[in-house]
Ligand SMILES: Nc1ncnc2c1ncn2[C@@H]1O[C@H](COP(=O)(O)OP(=O)(O)O)[C@@H](O)[C@H]1O
Ligand SMILES: Nc1ncnc2c1ncn2[C@@H]1O[C@H](COP(=O)(O)OP(=O)(O)O)[C@@H](O)[C@H]1O
Ligand SMILES: Nc1ncnc2c1ncn2[C@@H]1O[C@H](COP(=O)(O)OP(=O)(O)O)[C@@H](O)[C@H]1O
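Residue numbers (the numbering used here), protein chains in the order written: chain A, 528 to 977; chain B, 528 to 977; chain C, 528 to 977; chain D, 230 to 341; chain E, 230 to 341; chain F, 230 to 341.
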């Protein structure tokens, strides 16, 4: 708590001493391309923002009623916290000029910038974003909703047992440090981008990075009470509201049109049409594949797997939505839909308890999507005669993020564990975190089976 | 199941042998009108896509808790399946060059096309869409979300008793054949369009066609167990979650702004403003009319009727949203709101069991909306001095679709019944399809009354 | 009821005698700025429309299960009714030429108008909107969704005890008279706007005006049965579904991007980017502040307070989203988040029973946001060297609205009370309004604790 | 006076209620319960793991009747609730010492 | 020892609980039930068809008391639960042979 | 025959059920109840006002057994349900006159 109050304090101070900048940017004659691009970027950013509602509903729907308030609270606060963290620190570390490993300027969004000027005309310190002709605040907002997504991925994997304020602290550090540093390597002009690593809309940057944090967090926390019997038997803990989970999956799906479609940061007709179509086809293919995979492997078509399959397809196409063909996207989605089913089963077997499948969806398919660029990119992909070079670069990027993420998350989670503890008491977990952490119930008028 | 695996197989093969096409379309200097049109079409398509979430929530909300997983699964998978079916076959049958009855070229979206070139400049095989200046993939995606809507309409009417994979198969055939063939007649340059039939955004193409499939399906399936007593008494089966149903109606309403607004496939300021306003006013009028109709006829303002009234107004204005005036739209909506109430009661009386009112909303008001064009079109409508000609053409179209749809659906449903069966066992129906078809419950933490 | 039928009658007559106008506006050569502006306005209006779903879910989630159908019905019908009322009367009173107190022309949207012509080129009777280059119908639709918001705010504060048709009648009068008259003063070229009063997107016009109506309504109705013991003890009445409430808060948040972002009614890149970012940062800050305020003051982080904190931040930034800097917006949000927590407690203490916190969110923070313009406006704000002048003007506006609103609402609510009664019977309230007013249950399959 | 408790299949509730009403029963109390018995539950699968649901939804009817009515009531419930398939449920009979109607304070037979 | 079961109107639950606490009762168990009785249910309409809901929500209180307390407890429940309107509910009294407190293994009066 | 009612902590239900199955019990009926007892409820806060929730969720197991089994069943429940912390719950024993299996019409011991 002290640590947090301290951050808050700094914020408030920062705010009070900061001069008024916003008005500085003068009014120009209407540049119609800039208008169209900005409309596109802001609307797609709004769609990405909406994914927060999708995560909140998917995750709370797939957990138990007694923890619903807690999960919802986490999914709401995580974006609030990331907004402040990414504004204060993250955006600069990620996109400001600096070295191949870190941006080092323009904190609190106060760096020099003459956007929407582009290319040579751009004069400012966020040069890694000088290719898009939208105002700085539009760039920031679009990047912010991505940072929020990376942070919120973690929430589901650590659900039903993590302390509320520990998660709050982690969210802050995720948005301020872990996400932006690695983001800098890939999207901020850092060493991986110089190497030629391709990750169009963030299969690695957003989803794998979020997924690694989820994996480390879930492993350190250990499984929920009662999930694994002493005899090693797995006791499923069914989600309490599959209607909410389904609403959430649809919201994520539409959010993804913004996620991938907006990542051009320009309203270029041909690319955005292709990207949105690819996104849709991979999702659809993922859903169909997961249905059949769960039908064949498990006997019945599991709705939660169908939803996970769609999300897996979406994560899988994210890195290559601009480079894949439509049939290629369908194949990427089909593989993702099968992968996610077996990945969920796999992590359950090795006793990493991930209530909502976040690791299988975001990490496993984030890796798959990044890898798939090396296969399916219609210019440099192996299957299209591009040779193995891109594939090797993709693997390098995957490994780099794997190593850094594991370490960084281990350190950060352990510090938080030391400072504030990670897991609620057994009693609280049994009674439900809603009463323990928040003193309230999600469904007080309903008779529940506990 | 075999049939399905077979289709899947063909897909996968098709995908692997298809050359990379997507990149073929070169990069042009930014054409600002194309930019604005594409942004408009993609965003409105995204709104239409969102209607899937609306259908899922309205339909599951108006059914029982024990079937919620099944209904949600159906509403999710139907769009996945339609995506693949419409990509492989449907779009070509509907929009490719061919004869007045069928398009016959360019399957798997592989036909020649130089969009966004328009009119004379257009060189390609999807000439029926050569009037809109957006890239092919944007055209396809916009049309795909419409096909998905037609298919998903059926889901509600056959709910709580149809086998999951039988519905899966029907969805495929709806998206691949039934919808696109008739769509070709009206929107694909076929014989009805040559006759002068007007259906701006699809009161007939989407809603009536979906509604006919729903009517035939619901009739063949027969009513749910317990709905009609041996003495002919109707036992209402109330929906289990009116909160979800309401969320769904709102989502459908906003989706409709995309549905009608985007059907210009161009960001023309005057028309899109009028269309969106007309859409809203008809919906509002439908809601008010249904409230009073249910209040006066039934004694109390029934929320499910209010929601149906809004949807009825939306379906009703769909054909004429471009041609009606604002007051005209209000009248169309008022009539729709009254119609839907009495239609729901009527179908209940004749023992066609439609748990969510899909037939009354989509078929009855699809017909009404199509008919209303002949009355309210501000150039050719009867009430605006246009004489009866348009009205007669509209009636011709309504009848043509009625005849073809009845037959086609009868055949398709019967084939599926033969091949895989249509209805779950009595025991499964009583216990709920969630356990029978999916082996899971929607609300495992809640005490339910069964 | 009679009164209402009467209004309906007038509508229908109006509709039938109205000549077809819509087609009058000819087709021009594509003006690309008008295209972009119209796309922006229509899409942001759609987002604002979506707020209806947000209000419906927040409000029903924060009330009891036995009243859910009633609250949902109110939140659906209120927008239907406002659509008709604002079309027939409200828009004219608000935006048509007239005197400083009232617009007096162009009812039923039938006034002369040559939009999208702007400035001098504009010839028409809605001159107060001659600054935006979009078609009249786009202007109307955007303003309509704002009017709907003002009306729907009331719903939550009077929930769980008001008669359905009395609320229906109030909604009509709100959309036809109370909202537009005061709106004219500020946005329709009336006396407050001439004075220099600044309310960019409606902290006062929409939120305070809605909030005053809520305060007067809730006070006249009195608290819900059982809320305050005879000994003055407060018995909390917890909301029945915090999942729905959270979905609602997210929907409102994204709706607000349209609310503030669209209020430029033009797709100007710099302003809309700043506005949307400011909106987001104030919301995030409000959420964080409310979390800590409720944690420190009440012991635990209350989810309903977190949600209210976000909404408070959004209401707070509404008046100044164009004029504040990013850090300024954060401060405005932080204050709002703290304010709302203590305001909720305050109104509870003085026994104004507001089940959802509408008064604290919309009225208190509407006032705060309006006031904050005088402090934080980067040109004329006190903190930015602008002196106290603007602040005094803001206070004048706040007071004017306070006085007029109190009186107008008192009169209107009392007339309705006289004519149709305001509150349901004690028995009905105890059993729940769903059965009493609508004859149905929201969750018939679930075992409820009553 | 006796208390008759019947655990039955939920979808038989309406039929049983109607049958009881027909023989003149004017009051009963029903609750949702979960039954464990010879009728095995079903298997559900959740995210790849099968598990068995041992408890099945049942409805419990409780009614207090005067001694004379006991055989008729039991027979009526038996007939209406029977499907002949496993899991039809049980009827338990137990003694009751006194019954009071809260509204009037009546006791004994009058209170039923 | 006796078991007292009271079926009451749900909104009276808190009042009854408080009244019982005041006379020294330290334990009871409550469940949500549905009652069928002389108090008729209400009519609901759903999509054009009326139907009657015969079962009304009630709360059932069960408590075990020593024989000496029976009259006082009954009287307390009667007083607190009574509105005088139809549907106030019933109290049933029945014998109990033994009570055991799981935590300590105590039996009989000690266990109540 | 006797009726054994046990009010236990909900998370102990599976353990108790398994223990009972092990000693050969083949049937029981369970319901969700709310308990008021020495174990105090918890305080919740809602929008600035604290309030106490006096009723805690409990599970109630009802089972009818033949007289000879009573001690063993009680002992089994006691063992499986015990945590030693307050609120572990109670077991009530009461007489039953008759049991009928609806499916077959069997009565008495055969019907259990
Ligand atoms: N000994 C018992 N005590 C209490 N309830 C029982 C007992 N045996 C069965 N039941 C209840 O009766 C229901 C039906 O019993 P079951 O053995 O499944 O079938 P059947 O009634 O056909 O013998 C069970 O689900 C359970 O609720
Ligand atoms: N014979 C009975 N056996 C069990 N429960 C009964 C019996 N009669 C009434 N009840 C319960 O008591 C409740 C109230 O009874 P009712 O006849 O409606 O009114 P009153 O208590 O005023 O006579 C019913 O809803 C039902 O739950
Ligand atoms: N006299 C009683 N009659 C009925 N139920 C009781 C009685 N006393 C306790 N209970 C039930 O037993 C549960 C546990 O009792 P409690 O006094 O909290 O702890 P313990 O069982 O450890 O003594 C209570 O929640 C209540 O459901």
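The C-beta atom is built at its ideal place from N, Cα and C for all residues, glycine as well.
Minimum Cβ-Cβ distance from residue i to chain D less than 8 Å
i              : result
residue 317(E) : yes
Chain-order list of residues whose beta-carbon lies under 7 Å from that of residue i (same chain, five-residue window excluded)
i              : result
residue 748(B) : 685, 688, 689, 949 and 950
residue 766(A) : 588, 589, 590, 772 and 831
Distance, residue j Cα to residue i Cα
i              : j              : result
residue 828(C) : residue 731(C) : 29 Å
residue 297(D) : residue 231(D) : 10 Å
residue 678(C) : residue 702(C) : 7 Å
residue 513(A) : residue 841(C) : Because chain A is modelled from 528 through 977, residue 513(A) falls outside the range shown and cannot be assessed.
residue 630(C) : residue 280(F) : 51 Å
residue 340(E) : residue 821(C) : 42 Å
residue 791(A) : residue 723(B) : 41 Å
residue 805(B) : residue 884(B) : 23 Å
Cβ neighbour criterion (16 or more within 10 Å) applied to residue i
i              : result
residue 964(B) : buried
residue 555(B) : Residue confidence is low: residue 555(B) scores 45 on pLDDT, short of 50, so the model does not pin down where it sits. No coordinate-derived value is stated.
residue 860(B) : buried
residue 971(B) : buried
residue 794(C) : buried
Given residue i as reference, the closest of the options once Cα atoms are compared
i              : options                           : result
residue 594(C) : 976(C), 972(C), 968(C) and 974(C) : 968(C)
residue 786(C) : 562(C), 563(C), 561(C) and 577(C) : 577(C)
residue 333(E) : 234(F), 300(F), 313(F) and 257(F) : 313(F)
residue 845(B) : 661(B), 896(B), 854(B) and 574(B) : 896(B)
residue 953(A) : 635(A), 753(A) and 704(A)         : 753(A)
residue 262(F) : 283(F), 251(F), 254(F) and 293(F) : 283(F)
residue 622(C) : 596(C), 604(C) and 651(C)         : 651(C)
Short CB-CB distance (under 8 Å) between residue i and chain A
i              : result
residue 832(B) : no
residue 767(C) : yes
residue 971(B) : yes
residue 379(F) : With chain F represented from 230 up to 341, any question about residue 379(F) goes unanswered, as that position is not in the structure.
Residue-chain proximity (residue i, chain E), Cβ-Cβ < 8 Å
i              : result
residue 330(D) : yes
residue 584(B) : no
Closer than 8 Å to chain C by CB, residue i
i              : result
residue 940(A) : no
Nonlocal neighbours in the same chain, by C-beta distance under 8 Å from residue i, ignoring five residues either side
i              : result
residue 941(A) : 747
Beta carbon proximity, residue i to chain B, threshold 8 Å
i              : result
residue 265(D) : no
residue 967(C) : yes
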